[in-house]
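Below is one structure; the comments refer to it alone.
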Amino acid sequence: MSRKGSSMPPLKPSPKGIAKPEEAWRQARLIPTTGIGGQDEQEQRATSSLLAVMGSVPQFGRAVLDQVGAPAGKILPFTEVRFVDEDTKLSIPDGAIVVERGKNRWVCLVEVKTAGAELRAEQVERYLELARVNGFDAVLTISNQITSSPEESPIAIDPRKTRKVILRHLSWWQVMTNARVEHKHRKIGDPDQAWILGELIAYLDHERAGAGGFDDMGEKWVAVRDGAREATLKASDAGVRDVAGRWEQLVEYIALGLTQDLGREVEPAWPRKVDPAARRDLHVRSMVDRGKLLASIRVPDAAGPIDLEADLRGRRFRTSVVVNAPKDGRPSTRINWMLRQLATAKDDLLIEVRYPNQKEPTSCSLKDGRLKPERLLYAVDPKRDPWTFRLTVSKDLGMKRGRLAG
């Protein structure tokens, strides 16, 4: 169209340094993060977005509902469902999910919290009672509180309330893990559904959505850490059990993050046949007696479990893995094999070599090992074959409470 006689200003060239002006523009999104007025609206938008995408992208919806124990079938999502009890009291769960297959129906109420809001036992128990009275099958809670399994609730619930109704819990980080694994690794066959799921991921990943992962170690972290460092900490001190619980959340957060990256299920290696309360007792005892928080993570096809250690007394956070030494070759050949595997690792990595019948390992930094591999041989008997290598990355624990790094 001719611009002659038009009052429109002439088009200007793109600013220098920007090939296309849209590179500096904000992309339009299916689920916008702008205009969220407060906690209620944040929860409403998160609930509606999640449930709608579960219904629109069945592969993702199935991945989420498999953890809740739902049967296979068509997923029908609803938000802000209303109930009036015998006392005419109005209850409005954030959502509901109906799964239909033939004549069979499975119904689940959904309660959602975002940001720092935590689930309330009274509210969840009321929804469990609503589900029982109406013949529903389950109640699903979603919040930023991370638990070790969907069967574990972050709040204490009267066990009588779950005799006829199933209670399951998912963290937003678990939901994000399901979304990223299906989208990135397992792939969504339909391109439109893949785009929709990608938009949900973009929304949940934004800080305004209130659907984060793990924020910090809690308000009592600094006091507990300092008490452990000074060896004055007691099991009865305020906040000790809370820190133990948050440590487990951090470990679960790390495992889920690795699952997102690898597309394989990465799990904490908690002691078997030990319930969550007893596990926290072990963490408390470890903080009091040793000034440490310990955990391990199992990664499929990895050389071994990844060990995590928060040393509260030394103010260090260590991540390590044990690798078995090769069975063939001279000791120096086996040492050099390990060094070759670490070609892209940072210089400050600590290498500890264990030898049979040796009390203390032979150790040095990766930097020193690269310069003089013989430092990792057994000094008393250089011909002795190495047994295992422990590789450790150590970071400052920090002074604040955020994710142990500040």
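Using our numbering, the first residue of the sequence shown is number 1136, and each one after it goes up by one.
Even glycine gets a Cβ: it sits at the ideal position worked out from N, Cα and C.
What you are looking at is a predicted structure, and each value in this text was computed from that prediction instead of being measured.
Through-space distance from residue j to residue i, alpha-carbon basis
i            : j            : result
residue 1523 : residue 1241 : 52 Å
residue 1343 : residue 1182 : 14 Å
residue 1438 : residue 1231 : 43 Å
residue 1254 : residue 1265 : 17 Å
residue 1353 : residue 1362 : 15 Å
residue 1422 : residue 1289 : 22 Å
residue 1155 : residue 1259 : 51 Å
residue 1497 : residue 1518 : 14 Å
residue 1229 : residue 1239 : 24 Å
residue 1214 : residue 1300 : 20 Å
residue 1292 : residue 1256 : 6 Å
residue 1500 : residue 1350 : 32 Å
residue 1247 : residue 1296 : 19 Å
residue 1186 : residue 1284 : 21 Å
residue 1307 : residue 1435 : 23 Å
residue 1359 : residue 1310 : 31 Å
residue 1368 : residue 1374 : 11 Å
residue 1399 : residue 1225 : 43 Å
residue 1396 : residue 1304 : 23 Å
residue 1531 : residue 1261 : 45 Å
residue 1487 : residue 1341 : 41 Å
Helix, strand or coil at residue i [DSSP, three-state]
i            : result
residue 1268 : helix
residue 1312 : helix
residue 1156 : helix
residue 1354 : coil
residue 1257 : helix
residue 1326 : helix
residue 1242 : strand
residue 1371 : coil
residue 1201 : helix
residue 1400 : coil
residue 1531 : strand
residue 1447 : coil
residue 1506 : helix
residue 1430 : strand
residue 1207 : coil
residue 1487 : strand
residue 1339 : helix
residue 1519 : coil
residue 1452 : strand
residue 1524 : strand
residue 1292 : coil
residue 1389 : helix
residue 1378 : helix
residue 1263 : helix
Residue i, enclosing beta strand (DSSP E) - first and last residue
i            : result
residue 1301 : 1301-1306
residue 1235 : 1230-1236
residue 1298 : Note, residue 1298: premise wrong, no beta strand (DSSP E); not H, not E.
residue 1276 : 1273-1278
residue 1468 : Here residue 1468 belongs to no beta strand (DSSP E); instead the alpha helix (DSSP H) covers 1466-1476.
residue 1500 : 1497-1500
CB of residue i within 8 Å of CB of residue j, strictly
i            : j            : result
residue 1195 : residue 1188 : yes
residue 1453 : residue 1371 : no
residue 1243 : residue 1201 : no
residue 1376 : residue 1419 : yes
residue 1166 : residue 1184 : yes
residue 1520 : residue 1440 : no
residue 1227 : residue 1217 : yes
residue 1417 : residue 1432 : no
residue 1474 : residue 1526 : no
residue 1507 : residue 1482 : no
residue 1338 : residue 1169 : no
residue 1208 : residue 1236 : yes
residue 1206 : residue 1233 : no
residue 1405 : residue 1415 : no
residue 1178 : residue 1282 : no
residue 1334 : residue 1197 : no
Limits of the unbroken alpha helix (DSSP H) element including residue i
i            : result
residue 1186 : 1174-1191
residue 1421 : 1411-1425
Any non-hydrogen atom of the ligand MG closer than 7 Å to residue i Cβ
i            : result
residue 1243 : Absence of the ligand MG from the depicted structure is noted, as is the absence of any ligand whatsoever, leaving it without description.
Between the segment 1396-1414 and the segment 1326-1334, are three or more C-beta pairs nearer than 8 Å? no
Taking 8 Å as the cut-off, does the segment 1381-1396 touch the segment 1422-1432 (at least 3 CB pairs, one atom from each stretch)? Yes, they touch.
Decide yes or no for the touch test of the segment 1310-1318 against the segment 1214-1222: beta carbon pairs closer than 8 Å, at least 3 of them. no
Taking 8 Å as the cut-off, does the segment 1273-1292 touch the segment 1158-1165 (at least 3 CB pairs, one atom from each stretch)? Three or more beta-carbon pairs separated by less than 8 Å are not found between the segment 1158-1165 and the segment 1273-1292, which leaves the two stretches without contact.
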